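A short worksheet on the structure shown next.
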Amino acid sequence: MQLQDTRPVTFSAGQQLRVTREQLGLTMREVESASMRIAAKHGNDEYTVSPSRLSDIETKGLLPSIYRFYSLAIIYRRDLREVLAWYGIDLNLSAAAMPILPVHRTPIGFCH
């Protein structure tokens, strides 16, 4: 199985994040500050989006962690599904994708 290069998708998604941030009139520092409040609320620094990390996400196609996806969606007032869709992840198709991996029944239970 050959993996496709996801850089064009992540680069385009990063540009969409930047456009959204700019439309909201937010600076990178303001995004960092808001993400720090989210991190404090959840007690997990992984939610924090530093300006340098945000710059890399927006301009170099760096893929955010799931925690940063969450923070960016909240800060940018977007549904997480929408932000993930910018990266080519359609959660609405997840149930349809389930048959890709058959579940085998064993005497003990289920295994994959």
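Residue numbers (the working numbering): 40 to 151. We treat Cβ as the ideally placed atom computed from N, Cα and C, and that holds for glycine. These numbers were taken from a predicted model, which means no experiment stands behind them.
{"Asked": "Does the separation of the CB atoms of Tyr106 and Tyr86 fall below 7 angstroms?", "Found": "yes"}
{"Asked": "How would you label Ala79, buried or exposed, when you count the other beta carbons within 10 angstroms and need 16 or more for buried?", "Found": "exposed"}
{"Asked": "Here's a check: name, in chain order, each residue in its chain whose Cβ is nearer than 6 angstroms to the Cβ of Ile96, leaving out the five neighbours to either side.", "Found": "Gly53 and Pro103"}
{"Asked": "Locate the alpha helix (DSSP H) running through Leu93, then write down its first and last residues.", "Found": "Pro90 to Lys99"}
{"Asked": "If Thr49 sits next to Gly100, beta carbons under 8 angstroms apart, how far is it from one beta carbon to the other, in whole angstroms?", "Found": "4 angstroms"}
{"Asked": "Which same chain residues, not among the five before or five after Ala112, have their C-beta less than 6 angstroms away from its C-beta?", "Found": "Leu119 and Val122"}
{"Asked": "Which residues in the same chain as Met75 place their Cβ atom closer than 6 angstroms to its Cβ, once the five residues preceding and following it in sequence are excluded?", "Found": "Thr87"}
{"Asked": "Whole angstroms are fine: how far does the CA of Ile77 sit from the CA of Ser110?", "Found": "7 angstroms"}
{"Asked": "Report the three-state DSSP secondary structure of Ser104 (helix, strand or coil).", "Found": "coil"}
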